[in-house]
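What follows is a short report on a single structure.
Number of protein chains: 2
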Amino acid sequence: MGRVSDAKTRLMDAVSELLWTGSYGSTTIDQICEKAGVKKGSFYYFFDSKSDLAVEALDAGWQIRQTELDRIFSPMVLPLDRIRKYCEFSYKVQLEMKEKYGRVLGCPQFALGAEVCTLESRLQKKVQEILDCKRKYLESAVRDAHAGGLIKAPDPAAKARMILAYYEGLLTQARIQNDVEILRDTVGGIFAMLGVKETETAIA
Amino acid sequence: MGRVSDAKTRLMDAVSELLWTGSYGSTTIDQICEKAGVKKGSFYYFFDSKSDLAVEALDAGWQIRQTELDRIFSPMVLPLDRIRKYCEFSYKVQLEMKEKYGRVLGCPQFALGAEVCTLESRLQKKVQEILDCKRKYLESAVRDAHAGGLIKAPDPAAKARMILAYYEGLLTQARIQNDVEILRDTVGGIFAMLGVKETETAIA
DNA sequence: ATAATAGTTGACTATTTAGTTCACTATGTT
DNA sequence: AACATAGTGAACTAAATAGTCAACTATTAT
Numbered sequence: 136m137g138r139v140s141d142a143k144t145r146l147m148d149a150v151s152e153l154l155w156t157g158s159y160g161s162t163t164i165d166q167i168c169e170k171a172g173v174k175k176g177s178f179y180y181f182f183d184s185k186s187d188l189a190v191e192a193l194d195a196g197w198q199i200r201q202t203e204l205d206r207i208f209s210p211m212v213l214p215l216d217r218i219r220k221y222c223e224f225s226y227k228v229q230l231e232m233k234e235k236y237g238r239v240l241g242c243p244q245f246a247l248g249a250e251v252c253t254l255e256s257r258l259q260k261k262v263q264e265i266l267d268c269k270r271k272y273l274e275s276a277v278r279d280a281h282a283g284g285l286i287k288a289p290d291p292a293a294k295a296r297m298i299l300a301y302y303e304g305l306l307t308q309a310r311i312q313n314d315v316e317i318l319r320d321t322v323g324g325i326f327a328m329l330g331v332k333e334t335e336t337a338i339a
Numbered sequence: 136m137g138r139v140s141d142a143k144t145r146l147m148d149a150v151s152e153l154l155w156t157g158s159y160g161s162t163t164i165d166q167i168c169e170k171a172g173v174k175k176g177s178f179y180y181f182f183d184s185k186s187d188l189a190v191e192a193l194d195a196g197w198q199i200r201q202t203e204l205d206r207i208f209s210p211m212v213l214p215l216d217r218i219r220k221y222c223e224f225s226y227k228v229q230l231e232m233k234e235k236y237g238r239v240l241g242c243p244q245f246a247l248g249a250e251v252c253t254l255e256s257r258l259q260k261k262v263q264e265i266l267d268c269k270r271k272y273l274e275s276a277v278r279d280a281h282a283g284g285l286i287k288a289p290d291p292a293a294k295a296r297m298i299l300a301y302y303e304g305l306l307t308q309a310r311i312q313n314d315v316e317i318l319r320d321t322v323g324g325i326f327a328m329l330g331v332k333e334t335e336t337a338i339a
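Line by line, the protein sequences are chains A and B. Going by the numbering used here, the first residue of the first sequence is number 136, and it counts up by one from there. Going by the numbering used here, the first residue of the second sequence is number 136, and it counts up by one from there.
What follows is the structure, encoded as structure tokens:
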């Protein structure tokens, strides 16, 4: 009973966009409220603080992204193809953002994590949790590729960490330089790290 | 003639530390002044704004770092050893920061660039300039390694970009997770990307 | 219909922040 | 010695910001 509202969702959407296009530190509660079309009283009805909202928004955004990743990293797909699809998907997203905002925005979790990890421990934990999920997707693909004899990777977790570092680093470079072209051959770098043979690259 | 002062230097040192241990957005001019032991009047005597100070501090810090890199990337050193030394140096720096601040701080330019690139174009340009320098150090090492038949890298610029993305990504991961161990085998990942053979890894 | 309750509003306070001003002080130069 | 000037400091303003509150409104369950 009582009134119903989508203000909470609107606030999470607003902060997500502001964090991605700008930064955590430069985003104010007033700005979030204005973008969401919500008054400050309502903001504090739903959330305790900016960091509280950010944690919830991060979580919600990741839930949605995860369904996409479940599809991409489906065990039904050839392991190296999963990685290729992931790179293609990522490139497409960045291209869309560039169209929409005139800027390459990179990875929202990574940029946020780097910014606030020394200041906001709850946010840092949430980001770490999400990055860990990403690593696991990659890890199982690497493990399957190793098991299938496509690559030599006796330590899939280590390889996945390497791939993730490269992938996130590249996205961040693209954000800093505002250039999607940097992401064109993401998969090439990953396959080089995995020691995928040229022939397999062509076939897969 | 007139009075002399090191307040300008103290301000640059203060902002460098605050940016690295925290973030651009969370660092206020009052905070910078307090840490530097400088009154606001003096701040505005030397600088126009926080971003102005940040640009100058970034530049000054890079000048110092560059002399170190000139030594590490000396053409007198074997090309793959340059890269190895660079990774060792970087690891050492991060370890020192962890000792000093209790936190792994990653790469100051990269974190700052990711944070402010959509908001502060002068800072974004300065960061890009610095990252470009880093890439050039790597590029010449890769080119020399290729010329020496140690690796196969017909496009050294592309390989250098890949290495830099991985390197910066790894540093950022280490910052987010506050864990230096992530950086232990940085060189291993780079050599994998370069396709350095195991034997050469052991020898070099 | 109405009572209970989920959500809204705008006006409010207190604090932090960026940036200014101007009289003052210390120091190198002549 | 004294002058020109680089740098200092403290008090100031104006704006932005986080956070509060109590009266109000819409909805739903009974």
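Note that beta-carbon positions come from the ideal geometry of N, C-alpha and C, so glycine has one too.
Original post:
Does any CB atom of chain B fall closer than 8 Å to the CB of residue 157 of chain A?
Top reply: Taking CB atoms only, residue 157 of chain A has a neighbour in chain B less than 8 Å away.
Original post:
From B/319, B/275 and B/141, pick the residue whose C-alpha is nearest to that of residue 211 of chain B; which is it?
Top reply: Measuring from the Cα of residue 211 of chain B, the nearest candidate turns out to be B/275.
**OP:** Mind listing the chain A neighbours of residue 310 of chain B? Cutoff is C-beta to C-beta under 7 Å, in chain order.
**Re:** Chain A residues near residue 310 of chain B: 249 and 252.
Original post:
Should residue 226 of chain B be flagged as near chain A, meaning a C-beta pair shorter than 8 Å?
Top reply: Not a single CB atom of chain A sits nearer than 8 Å to the CB of residue 226 of chain B.
**OP:** Entirely within the stretch 151 to 225 of chain B and at least 4 residues each: give me those alpha helix (DSSP H) ranges in chain order.
**Re:** Fully enclosed alpha helix (DSSP H) runs of no fewer than 4 residues occupy 164 to 171, 175 to 181 and 185 to 207 of the stretch 151 to 225 of chain B, in order along the chain.
Original post:
Whose CA, out of A/317, A/298 and A/318, lies closest to the CA of residue 99 of chain B?
Top reply: Since the first and last residues shown for chain B are 136 and 339, residue 99 of chain B lies out of range.
Original post:
Where does residue 141 of chain A fall in DSSP's three states?
Top reply: For residue 141 of chain A, the three-state secondary structure derived from DSSP is coil.
Original post:
Do you know whose CA, among B/314, B/149, B/152 and B/204, lies nearest residue 224 of chain B's CA?
Top reply: When each option's Cα is compared against that of residue 224 of chain B, the closest is B/204.
**OP:** Using only alpha-carbon positions, find the residue among B/156, B/277, B/271 and B/255 that is nearest to residue 215 of chain B.
**Re:** Closest option to residue 215 of chain B, Cα to Cα, is B/277.
Original post:
For residue 350 of chain A, is the classification buried or exposed, using 16 other Cβ atoms within 10 angstroms of its Cβ as the cut-off for buried?
Top reply: For chain A, the structure presents residues 136 to 339; residue 350 of chain A sits outside this window and is missing.
**OP:** Give the interface partners of residue 182 of chain B over in chain A, defined as CB-CB distance under 9 Å, in chain order.
**Re:** For residue 182 of chain B, none of the residues of chain A pass the 9 Å Cβ criterion, the least Cβ distance being about 19 Å.
Original post:
Between which two residues does the alpha helix (DSSP H) harbouring residue 265 of chain B extend?
Top reply: Per DSSP, the unbroken alpha helix (DSSP H) holding residue 265 of chain B starts and ends at 256 to 282.
Original post:
So, are the CB atoms of residue 89 of chain B and residue 219 of chain B less than 8 Å apart?
Top reply: The structure shown does not extend to residue 89 of chain B, since chain B is modelled only from 136 to 339, so the question has no answer here.
Subject >> Nearest-angstrom Cα separation, counted from residue 208 of chain B out to residue 221 of chain B >> reply: If I take the Cα positions, the gap works out to 8 Å.
Subject >> Integer Cβ distance of residue 318 of chain B from residue 229 of chain B, believed to fall under 8 Å >> reply: Contact between residue 318 of chain B and residue 229 of chain B holds: CB atoms are separated by about 6 Å, below the 8 Å threshold.
**OP:** For residue 263 of chain A, return the contacting residues in chain B, with the cut-off set at a CB-CB distance below 8 Å.
**Re:** Chain B residues near residue 263 of chain A: 311 and 312.
Subject >> Short Cβ contact (8 Å threshold) for residue 159 of chain B with residue 247 of chain B >> reply: The Cβ atoms of residue 159 of chain B and residue 247 of chain B lie closer than 8 Å to each other.
Original post:
Does residue 328 of chain B have its Cβ less than 8 Å from a Cβ in chain A?
Top reply: Interface residue, yes.
**OP:** Give the secondary structure of residue 291 of chain B by DSSP, where H, G and I count as helix, E and B as strand, and everything else as coil.
**Re:** Reduced to three states, the DSSP call for residue 291 of chain B is helix.
**OP:** In the DSSP assignment, find the unbroken alpha helix (DSSP H) run with residue 250 of chain A in it and report its ends.
**Re:** Unbroken alpha helix (DSSP H) run through residue 250 of chain A: 243 to 251.
Original post:
Can you tell me whether residue 308 of chain B is buried or exposed, with buried defined as 16 or more other CB within 10 angstroms of its CB?
Top reply: Buried, because 16 or more other Cβ atoms sit within 10 Å of the Cβ of residue 308 of chain B.
**OP:** Any chance you could list the alpha helix (DSSP H) runs of at least 4 consecutive residues sitting entirely within the stretch 290 to 322 of chain A, in chain order?
**Re:** Within the stretch 290 to 322 of chain A, complete alpha helix (DSSP H) segments of at least 4 residues are found at 291 to 312, given in chain order.
Original post:
So, is the C-beta of residue 339 of chain B closer than 8 Å to a C-beta in chain A?
Top reply: Residue confidence is low: residue 339 of chain B scores 42 on pLDDT, short of 50, so the model does not pin down where it sits. Its coordinate-derived value is still stated next. No, its Cβ sits nowhere closer than 8 Å to a Cβ of chain A.
Subject >> Cutoff 8 Å: residue 211 of chain B Cβ touching any chain A Cβ >> reply: No, residue 211 of chain B does not count as interfacial toward chain A.
Original post:
Would you call residue 138 of chain B buried or exposed, if buried means 16 or more other Cβ atoms sit within 10 Å of its Cβ?
Top reply: Counting Cβ neighbours within 10 Å, residue 138 of chain B comes out exposed, since fewer than 16 surround it.
**OP:** Taking C-beta pairs closer than 8 Å, name the residues in chain A that residue 246 of chain B reaches, listed in chain order.
**Re:** Those are 249 and 250, listed as they occur along chain A.
Original post:
List, in order along the chain, the chain A residues whose C-beta lies closer than 8 Å to that of residue 136 of chain B?
Top reply: Simply none; closest approach about 41 Å.
Original post:
Mind checking residue 174 of chain B: buried by the 16 CB within 10 Å criterion, or exposed?
Top reply: Around the beta carbon of residue 174 of chain B, a 10 Å sphere encloses fewer than 16 other beta carbons of the protein chains shown; the residue is thus reported as exposed.
**OP:** Pull up the distance between the alpha-carbon of residue 258 of chain B and that of residue 171 of chain A, whole angstroms please.
**Re:** For residue 258 of chain B and residue 171 of chain A, the distance between alpha carbons rounds to 29 Å.
Original post:
Does the beta carbon of residue 297 of chain A come closer than 8 Å to any beta carbon on chain B?
Top reply: At least one C-beta of chain B is nearer than 8 Å to the C-beta of residue 297 of chain A.
**OP:** Determine, using beta-carbon pairs with one atom in the stretch 281 to 298 of chain A and one in the stretch 282 to 293 of chain B, whether at least three such pairs fall under 8 Å.
**Re:** No: fewer than three Cβ pairs fall under 8 Å.
Original post:
How big is the Cα-Cα spacing for residue 261 of chain B and residue 255 of chain B?
Top reply: In a straight line, the C-alpha of residue 261 of chain B is about 10 Å away from that of residue 255 of chain B.
**OP:** Measure the beta-carbon distance from residue 192 of chain A to residue 147 of chain A and round it to whole angstroms, keeping in mind my assumption that it falls under 8 Å.
**Re:** Going by Cβ atoms, the distance from residue 192 of chain A to residue 147 of chain A rounds to 4 Å, so yes, they are a contact pair.
Original post:
I think residue 142 of chain B touches residue 177 of chain B, with their Cβ atoms under 8 Å apart; what is that distance to the nearest whole Å?
Top reply: 5 Å between Cβ atoms; contact.
**OP:** Would you mind telling me which residues of chain B sit closer than 7 Å to residue 272 of chain A, beta carbon to beta carbon, in chain order?
**Re:** Near residue 272 of chain A there are no residues of chain B at all, since even the closest Cβ is about 16 Å away, more than 7 Å.
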